[in-house]
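The structure under discussion appears below in the form of C-alpha coordinates.
Numbering (UniProt numbering), first residue to last: 1 to 110.
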(Lines of atoms letter the chains of each structure in order from A; the text may use other names.)
(Lines give C-alpha, C1' and ligand atoms only; values in the text may rest on other atoms or scores of the structure.)
Protein backbone atom coordinates (compact mmCIF):
# COMPACT_ATOMS: atom_id res chain seq x y z
CA UNK A 1 0.00 0.00 0.00
CA UNK A 2 0.98 3.63 -0.16
CA UNK A 3 -0.31 6.90 1.24
CA UNK A 4 -4.07 6.87 1.69
CA UNK A 5 -6.72 9.42 2.51
CA UNK A 6 -6.96 9.81 6.29
CA UNK A 7 -9.14 12.92 6.52
CA UNK A 8 -9.44 16.49 5.31
CA UNK A 9 -7.31 19.28 6.73
CA UNK A 10 -10.24 21.04 8.39
CA UNK A 11 -11.10 17.84 10.32
CA UNK A 12 -8.06 18.23 12.60
CA UNK A 13 -8.46 21.02 15.18
CA UNK A 14 -5.68 23.47 16.04
CA UNK A 15 -3.55 21.93 18.79
CA UNK A 16 -5.88 18.98 18.65
CA UNK A 17 -6.28 15.43 17.44
CA UNK A 18 -8.40 13.22 15.24
CA UNK A 19 -8.39 9.43 15.59
CA UNK A 20 -8.62 7.41 12.36
CA UNK A 21 -8.24 3.77 11.40
CA UNK A 22 -6.26 3.04 8.25
CA UNK A 23 -5.57 -0.20 6.41
CA UNK A 24 -1.97 -1.39 6.31
CA UNK A 25 -0.39 -4.45 4.73
CA UNK A 26 -0.63 -6.23 8.10
CA UNK A 27 -4.15 -5.07 9.06
CA UNK A 28 -5.83 -2.06 10.60
CA UNK A 29 -3.68 0.66 12.20
CA UNK A 30 -5.05 3.17 14.71
CA UNK A 31 -3.57 6.61 13.99
CA UNK A 32 -3.80 9.93 15.81
CA UNK A 33 -3.66 12.84 13.39
CA UNK A 34 -2.36 15.78 15.38
CA UNK A 35 -2.02 19.47 14.59
CA UNK A 36 0.73 21.06 16.67
CA UNK A 37 0.85 24.65 17.93
CA UNK A 38 2.52 25.77 14.66
CA UNK A 39 -0.30 24.27 12.60
CA UNK A 40 1.79 21.38 11.26
CA UNK A 41 0.08 18.01 10.85
CA UNK A 42 1.56 14.81 12.27
CA UNK A 43 0.48 11.17 12.19
CA UNK A 44 1.44 9.06 15.19
CA UNK A 45 0.29 5.71 16.50
CA UNK A 46 -2.84 6.21 18.56
CA UNK A 47 -1.71 3.59 21.08
CA UNK A 48 0.53 4.67 23.99
CA UNK A 49 3.58 2.42 24.34
CA UNK A 50 3.25 2.49 28.13
CA UNK A 51 -0.44 2.12 28.92
CA UNK A 52 -1.93 0.83 25.63
CA UNK A 53 -4.58 3.57 25.63
CA UNK A 54 -5.60 6.12 23.00
CA UNK A 55 -3.17 9.02 22.59
CA UNK A 56 -5.76 10.98 20.61
CA UNK A 57 -7.60 11.57 23.89
CA UNK A 58 -4.53 13.35 25.30
CA UNK A 59 -3.47 16.98 25.27
CA UNK A 60 -1.28 18.57 22.60
CA UNK A 61 1.32 21.10 23.68
CA UNK A 62 3.82 22.47 21.21
CA UNK A 63 5.12 19.45 19.31
CA UNK A 64 4.22 16.82 21.93
CA UNK A 65 1.18 14.83 22.92
CA UNK A 66 0.49 13.70 26.47
CA UNK A 67 -1.17 10.39 27.27
CA UNK A 68 -4.25 11.04 29.39
CA UNK A 69 -3.78 7.95 31.59
CA UNK A 70 -0.28 8.21 33.08
CA UNK A 71 1.09 11.44 31.62
CA UNK A 72 3.68 10.04 29.21
CA UNK A 73 4.61 12.62 26.57
CA UNK A 74 5.72 11.83 23.02
CA UNK A 75 7.49 13.97 20.42
CA UNK A 76 5.17 14.20 17.41
CA UNK A 77 8.10 14.26 14.96
CA UNK A 78 9.96 11.19 16.24
CA UNK A 79 7.53 9.29 18.46
CA UNK A 80 10.14 9.21 21.22
CA UNK A 81 8.95 9.64 24.80
CA UNK A 82 10.04 12.93 26.35
CA UNK A 83 9.38 11.84 29.91
CA UNK A 84 8.38 8.85 32.04
CA UNK A 85 6.69 6.56 32.54
CA UNK A 86 6.96 5.59 28.83
CA UNK A 87 10.38 4.43 27.68
CA UNK A 88 9.52 3.01 24.23
CA UNK A 89 8.73 5.23 21.24
CA UNK A 90 5.53 4.95 19.22
CA UNK A 91 5.50 4.82 15.41
CA UNK A 92 5.11 8.01 13.42
CA UNK A 93 3.98 8.01 9.80
CA UNK A 94 4.64 10.25 6.78
CA UNK A 95 1.94 12.85 6.15
CA UNK A 96 1.27 14.57 2.84
CA UNK A 97 -1.28 17.33 2.35
CA UNK A 98 -2.69 17.36 -1.19
CA UNK A 99 -5.02 20.33 -1.44
CA UNK A 100 -7.28 19.72 1.55
CA UNK A 101 -6.72 15.96 1.60
CA UNK A 102 -4.48 14.55 4.35
CA UNK A 103 -2.68 11.42 3.17
CA UNK A 104 -0.85 9.06 5.53
CA UNK A 105 1.40 6.10 4.69
CA UNK A 106 1.07 3.60 7.54
CA UNK A 107 3.24 1.05 5.72
CA UNK A 108 6.31 3.31 5.85
CA UNK A 109 6.83 4.48 9.45
CA UNK A 110 9.53 7.11 9.88
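Even glycine gets a Cβ: it sits at the ideal position worked out from N, Cα and C.
Exercise for the section: Report yes if the C-beta distance between residue 60 and residue 90 is below 8 Å; otherwise report no. Expected result: no
Problem - the segment 96–108 in contact with the segment 47–63 per 3-pair CB rule at 8 Å - result: no
Problem - Span of the beta strand (DSSP E), counted from its first residue to its last, around residue 7 - result: 4–8
Handout entry: Segment contact flag, the segment 94–101 with the segment 69–79, C-beta cutoff 8 Å, min 3 pairs
Key = no
Problem - Distance, residue 28 Cα to residue 46 Cα - result: 12 Å
Problem - Collapsed DSSP secondary structure at residue 75 in the structure displayed - result: strand
Handout entry: Minimum C-alpha distance to residue 112 - residue among 67, 77, 4
Key = The chain is shown from 1 up to 110; residue 112 falls before or after that span and cannot be answered.
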